[in-house]
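Residue numbers in the sequence shown follow our numbering, run continuously in steps of one, and reach 401 at the last position.
Reading through the structure tokens given below for one structure.
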Amino acid sequence: MQRLRFITLTQFRNYHFRHFDLDAPVIAISGNNGVGKTNLLDAVYYLCFTKSYFQSKEINNVQEGKEGFRVEGVFGATTEEEKSAIIWKEGKKRLLVDEVPVEKMTSYIGKHTALMIAPDDIELVNGASSVRRKFFDGLLSQADPLYLENLIHYQKVLEQKNAFLKQSLYPVNQDLLEIYDRQLAGTGAYLLQKRLEISAHIPNLVRRFYESIAHQKEAIDVRYNSCVQDPAQLFAMLRYQRGRDIEARRSTLGLHTEDWVLLLNELPYKTHASQGQKKSLLIAMKLAQLEWLRNLGKTPLVLLDDIFEKLDKERIQRLFSLLSTLDIPQVFMTHTSADDIARSLSGHFKEIKSIRL
Numbered sequence: 045m046q047r048l049r050f051i052t053l054t055q056f057r058n059y060h061f062r063h064f065d066l067d068a069p070v071i072a073i074s075g076n077n078g079v080g081k082t083n084l085l086d087a088v089y090y091l092c093f094t095k096s097y098f099q100s101k102e103i104n105n106v107q108e109g110k111e112g113f114r115v116e117g118v119f120g121a122t123t124e125e126e127k128s129a130i131i132w133k134e135g136k137k138r139l140l141v142d143e144v145p146v147e148k149m150t151s152y153i154g155k156h157t158a159l160m161i162a163p164d165d166i167e168l169v170n171g172a173s174s175v176r177r178k179f180f181d182g183l184l185s186q187a188d189p190l191y192l193e194n195l196i197h198y199q200k201v202l203e204q205k206n207a208f209l210k211q212s213l214y215p216v217n218q219d220l221l222e223i224y225d226r227q228l229a230g231t232g233a234y235l236l237q238k239r240l241e242i243s244a245h246i247p248n249l250v251r252r253f254y255e256s257i258a259h260q261k262e263a264i265d266v267r268y269n270s271c272v273q274d275p276a277q278l279f280a281m282l283r284y285q286r287g288r289d290i291e292a293r294r295s296t297l298g299l300h301t302e303d304w305v306l307l308l309n310e311l312p313y314k315t316h317a318s319q320g321q322k323k324s325l326l327i328a329m330k331l332a333q334l335e336w337l338r339n340l341g342k343t344p345l346v347l348l349d350d351i352f353e354k355l356d357k358e359r360i361q362r363l364f365s366l367l368s369t370l371d372i373p374q375v376f377m378t379h380t381s382a383d384d385i386a387r388s389l390s391g392h393f394k395e396i397k398s399i400r401l
């Protein structure tokens, strides 16, 4: 298991320069609102994924008035440590591992895995299909670099196809659409196969953790609605859909339109579940993500942002009880009160490092 032992932030969000010692199994980050608790948590995530969990634009990670930022950390034991540094300046990002530049960032993704649970994550249950696709794509990308590479290529070709359809005049160049669809089917076949595989395992994990968190057994399901059932059918589906694509001036069906439908007693979860049930399902899905990665030999860091404000005491205690039994290298959490964290963790974790901002 690899812990993150140190992290150093330079011009990252509200941190001008700050070094943190994180060499403990549980890191409790406390302080008033606005002091940078979530920013520190996001910096840990950034170091694992080379991107922010909360910000889609890199410029938003730069301290006000500055031109760039640096996030640097040390993973592993003293005898086998690895130093990672990510530098962003003037629109360009660089990744260094042990001072050596990494040319292909996709080769780094999955090396250090992490799981974030944050207040807005309830959109995984309530939100659009794109939120759930992002969840599963992120999970599969952590586990399989080839999935990430195919996903990036699929999205690039899809963007090109949509741009072509949007500006095309009649008659549309069918030969070019044929090329786009063959490329989408080629990369999409691998993505679909991996989505089908994970979708055969995740529902059982979700049900198991849901029962532990909610303390009751309910008929819940996470059902994958794929565009086709067989990867070999992808190209035929895209060709069949071509007339509609031309009419709509966009690609109307494919892996980019799929969903994982959440059900309670065979009814849509978002409209038929209580707020408590939704929170239990969210935590269960996140823990299923954690367990699936662990079964593949990964050891994700667990990042809990402000869960004390969003979950009731009973669910928090059940969550900590579950986490304490799993083989996790590190758990990070944020809250305004250090005393509340200490009380909640009592009886679950022994070694806790407190960082007060």
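C-beta atoms are modelled at their ideal positions from N, C-alpha and C, and glycine is treated no differently.
DSSP-derived helix/strand/coil call for residue i
i, result
"Ala121", "coil"
"Asn269", "strand"
"Ile385", "helix"
"Pro275", "helix"
"His392", "coil"
"Glu302", "coil"
"Gly230", "helix"
"Phe364", "helix"
"Phe352", "helix"
"Glu116", "strand"
"Lys238", "helix"
"Thr380", "coil"
"Leu140", "strand"
"Glu126", "strand"
"Phe64", "strand"
"Lys342", "coil"
"Leu297", "coil"
"Tyr97", "coil"
"Ile153", "coil"
"Val106", "strand"
"Leu282", "helix"
"Ser398", "strand"
"Lys133", "strand"
Extent of the continuous beta strand (DSSP E) to which residue i belongs
i, result
"Ile161", "158-161"
"Leu370", "Neither: Leu370 is in no beta strand (DSSP E) and is coded neither H nor E."
"Ile73", "70-74"
Enclosing alpha helix (DSSP H) for residue i [first to last residue]
i, result
"Arg49", "Segment 48-56 is the beta strand (DSSP E) holding Arg49; no alpha helix (DSSP H) there."
"Ile246", "246-258"
"Glu335", "319-339"
"Glu310", "It is not in any alpha helix (DSSP H) - Glu310 carries neither H nor E in the DSSP assignment."
"Phe179", "173-187"
"Lys81", "81-93"
"Glu111", "That residue, Glu111, is in no alpha helix (DSSP H); it is neither H nor E in DSSP."
"Asn170", "167-170"
"Ala292", "286-292"
CB-CB length for residue i against residue j, believed under 8 Å
i, j, result
"Leu221", "Pro275", "About 20 Å; that fails the 8 Å criterion."
"Arg283", "Asp225", "6 Å"
"Phe119", "Arg176", "With 8 Å as the limit, Phe119 and Arg176 do not qualify as a contact, their Cβ atoms being about 30 Å apart."
"Phe352", "Ser368", "The Cβ separation is near 17 Å, so there is no contact."
"Ile103", "Arg114", "About 15 Å separates the two Cβ atoms, so there is no contact after all."
"Met149", "Thr82", "Met149 to Thr82, Cβ: 24 Å. No contact."
"Val106", "Ile51", "Contact doesn't hold; Cβ gap of about 17 Å is too wide."
"Leu140", "Tyr152", "Not really, about 10 Å apart at Cβ, beyond 8 Å."
"Leu209", "Ile290", "7 Å"
"Gly80", "Arg57", "7 Å"
Beta-carbon spacing of residue i, residue j below 7 Å
i, j, result
"Glu116", "Ala129", "yes"
"Gly112", "Lys133", "yes"
"Thr54", "Leu337", "no"
"Pro344", "Leu159", "yes"
"Gly75", "Leu401", "yes"
"Leu91", "Leu347", "no"
"Leu202", "His300", "yes"
"Pro163", "Lys354", "yes"
"Arg294", "Asn206", "yes"
"Asn309", "Ala263", "yes"
"Asp350", "Leu307", "no"
"Thr380", "Ile73", "no"
"Phe179", "Leu168", "yes"
"Ser173", "Asp303", "yes"
"Glu143", "Leu249", "no"
Interface flag, residue i vs chain C, CB-CB below 7 Å
i, result
"Ile166", "The structure shown contains no chain C; it is built from a single protein chain."
(request) May I ask you to verify whether the region 324-335 touches the region 246-256, counting CB pairs closer than 8 Å and requiring at least 3? (result) yes
(message) For the region 262-280 against the region 208-217, do three or more pairs of beta-carbon atoms, one drawn from each stretch, fall closer than 8 Å, so that the two count as touching?
(response) no
(request) May I ask you to verify whether the region 122-131 touches the region 178-186, counting CB pairs closer than 8 Å and requiring at least 3? (result) no
(message) Within 8 Å, do at least three Cβ pairs link the region 188-200 to the region 228-236?
(response) yes
(message) Would the region 67-87 count as touching the region 359-379 if we require 3 or more Cβ pairs under 8 Å?
(response) yes
(request) Report yes or no: do the region 384-400 and the region 347-367 share at least 3 C-beta pairs separated by less than 8 Å? (result) yes
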